[in-house]
Amino acid sequence: KAGVTQTPRYLIKTRGQQVTLSCSPISGHRSVSWYQQTPGQGLQFLFEYFSETQRNKGNFPGRFSGRQFSNSRSEMNVSTLELGDSALYLCASQGSGGTDTQYFGPGTRLTVL
Amino acid sequence: AQSVTQPDIHITVSEGASLELRCNYSYGATPYLFWYVQSPGQGLQLLLKYFSGDTLVQGIKGFEAEFKRSQSSFNLRKPSVHWSDAAEYFCAVGEDGAQKLVFGQGTRLTINP
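These protein sequences, in sequence, are chains G and E. Start counting the first sequence at 75; every next residue gets the next number (the working numbering). Start counting the second sequence at 184; every next residue gets the next number (the working numbering).
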């Protein structure tokens, strides 16, 4: 099976812009989670989508949003970018069971100038 | 709230030496525990997980971990490290089963030849 894919791998944006990141889960997986990784805060959970519905949400401002499509692909959007949004954004896909393993993609490196 | 502590930010060992990476968690119920590894520029790869049963868990690449409820610990071990084990290691606890992962700050492992 193909793994989790994320596009683009690298992005450079300026403050105030918005950005959309994409994640394609492993075939058959219906859950997609997003994490932010920064040197200062480490790995933090953003949100999780299952069957096109947000099922879990982390403690991030409303500028961070996401959605999931009927084919389980997911996008996350960050509006009004701030310098502190520079991070590696990781997507993880999971099967339908609540205890299934999360498989991570390679991430999208976002740099905000 | 759940939390994970990895007391060692950086560990250096010689190739062929044994390794133990420490992880302590705070969680009210029976935890779902994970160890992931991240190589530079890569996503996270699952090494092993513990949900229930035998408290000594075997993983990939020769790693094992032992769950000790009395100490709230889930330490990762390997009897003999290889240069290719140099990476960052993350311990995580799952909320809502394995749907939302709370990560420790990570331990960077350096291998001396």
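Just so you know, even glycine gets a beta-carbon here, dropped at the ideal spot from N, CA and C.
Legend entry - Per-residue burial, tyrosine 84/G [other beta carbons within 10 Å of its own, 16 or more giving buried]: In the first sequence, the residue the question calls residue 84/G occupies position 10. Tyrosine 84/G is exposed by the Cβ-count criterion.
Inset, instruction - Determine, using beta carbons only, whether glycine 179/G comes closer than 8 Å to chain E. - result: The residue you call residue 179/G lines up with position 105 of the first sequence. Yes, glycine 179/G lies at the interface with chain E (some Cβ there is under 8 Å from its Cβ).
Legend entry - Length of the line joining the Cα atoms of glutamine 268/E and phenylalanine 178/G: Sequence index remark: in the second sequence, residue 268/E carries index 85 (1-based). Sequence index remark: in the first sequence, residue 178/G carries index 104 (1-based). The sequence given here has aspartate at residue 268/E, not glutamine. Each residue's Cα considered, the two are about 19 Å apart.
Inset, instruction - Express the C-alpha separation of glycine 77/G and isoleucine 100/G in angstroms, rounding to a whole number. - result: Residue numbering aside, residue 100/G sits at position 26 when the first sequence is read from its first letter. Residue numbering aside, residue 77/G sits at position 3 when the first sequence is read from its first letter. Each residue's Cα considered, the two are about 5 Å apart.
Inset, instruction - Taking only beta-carbon positions, decide if glycine 211/E is within less than 8 Å of chain G. - result: Locating residue 211/E in the second sequence gives position 28, where the first residue counts as 1. Not an interface residue.
Legend entry - Inter-residue spacing [alpha-carbon to alpha-carbon] between lysine 261/E and isoleucine 294/E: One-based indexing of the second sequence puts residue 261/E at position 78. One-based indexing of the second sequence puts residue 294/E at position 111. When rounded, the distance between both Cα atoms is 13 Å.
Legend entry - 7 Å Cβ cut-off: residues of chain G touching tyrosine 215/E: Against the second sequence, residue 215/E aligns to sequence position 32. Per Cβ cutoff of 7 Å: Thr173.
Inset, instruction - Determine whether the Cβ of phenylalanine 119/G lies closer than 8 Å to any Cβ atom of chain E. - result: Position 45 of the first sequence holds residue 119/G. By this cut-off, phenylalanine 119/G is an interface position.
Legend entry - Endpoints, the beta strand (DSSP E) within which valine 264/E is located: What you label residue 264/E is simply residue 81 of the second sequence in a count that begins at 1. Looking at the DSSP string, valine 264/E is not in any beta strand (DSSP E), and its letter there is neither H nor E.
Inset, instruction - Scan the region 216 to 246 of chain E for residues whose Cβ lies nearer than 7 Å to a Cβ of chain G and list them as they occur along the chain. - result: Gln225, Gly226, Leu227, Leu229, Lys232 and Phe234
Inset, instruction - Within the same chain, show all residues whose beta-carbon is closer than 6 Å to that of methionine 150/G, passing over the 5 residues directly before and after it, in chain order. - result: For the purposes of this step, residue 150/G is identified with residue 76 of the first sequence, where counting begins at 1. Correct list, in chain order: Leu95, Trp108 and Gly140.
Inset, instruction - Using 10 angstroms around the beta-carbon of alanine 212/E, count the other beta-carbons present and answer buried if the total reaches 16, otherwise exposed. - result: Position 29 of the second sequence holds residue 212/E. It is exposed - the Cβ of alanine 212/E has fewer than 16 other Cβ atoms within 10 Å.
Legend entry - Option nearest leucine 227/E by Cα separation, candidates Asp279/E, Cys274/E, Ser263/E and Gly280/E: Numbered from its first residue, the second sequence carries residue 227/E at position 44. Minimum Cα distance to leucine 227/E is reached at Cys274/E.
Inset, instruction - Just the chain E side, please: which residues come within less than 9 Å of glycine 90/G by C-beta, in chain order? - result: What you label residue 90/G is simply residue 16 of the first sequence in a count that begins at 1. In chain order: nothing, as chain E lies at least about 28 Å away.
Legend entry - isoleucine 105/G - DSSP class collapsed to helix/strand/coil: Your numbering for residue 105/G matches position 31 in the first sequence. Per the sequence shown, the amino acid found at residue 105/G is serine instead of isoleucine. Of the three classes helix, strand and coil, the one that applies to serine 105/G here is strand, per DSSP.
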